[in-house]
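Trainee: Take 318 as the starting number for the sequence shown in this note's numbering and just add one per residue.
Ideal Cβ placement from N, Cα and C applies to all residues, glycine included.
Structure below; questions to follow.
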Amino acid sequence: MTWAEHLDAAAEIQAIAACTAPGELIFSADPYHLGSAADLRRVDGPGQPRWHEPVAGDGDYAINTTFDLRFGTFAHPWEDSLCVWGADLLQETQGALDACCRGCAPETG
């Protein structure tokens with residue numbers, strides 16, 4: 318079991334949205350698909366378009382960030398790692414990331 322299996326993608330997207338200003342775009346890219354941008358406050362709600370970009374990647378690298386790179390995420394599929402940067406995003410995600418890491422810790426006893 319990996320950290321990605323413990324990650325609540327919807328909660329992570331909400332955390333990213335909470336760090337953006339109204340109307341601010343999040344840019345998402347991976348090496349094999351066209352990049353996209355969206356105001357995360359205007360997706361995934363009733364009558365709104367879906368946001369299909371993964372936070373943790375889907376077997377590819379995945380990056381989600383603001384235009385000015387002040388916060389974001391970078392998922393590396395072969396290292397099975399997730400980099401989260403920016404003070405606001407780290408504060409928003411700390412509890413979820415700590416819980417995710419605890420879920421992946423080897424059992425002792």
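1) If you run the structure through DSSP and keep just helix, strand and coil, what is L399?
2) Under 8 Å: do the segment 365-372 and the segment 327-346 share three or more Cβ pairs, one atom per stretch?
3) Across which residues does DSSP place G389 in a beta bridge pair?
4) Tell me whether A346 sits in a helix, a strand or coil according to DSSP, three-state version.
5) With distance defined between alpha-carbon atoms, name the residue in F384, R358 and I380 nearest to P394.
6) Using a Cβ-Cβ cutoff of less than 8 Å, which residues in the same chain neighbour P352 once the five nearest sequence positions on both sides are dropped?
7) Does the Cβ of F388 have 16 or more other Cβ atoms within 10 Å, making it buried, or fewer, making it exposed?
8) For the segment 356-368 and the segment 390-409, state whether three or more C-beta atom pairs, one from each stretch, are separated by less than 8 Å.
Mentor: Let me spell this out:
1) strand
2) yes
3) T382 and W402
4) strand
5) I380
6) The question names Pro, yet the displayed sequence has Gly at residue 352. Around G352: F344, S345 and A346.
7) buried
8) no
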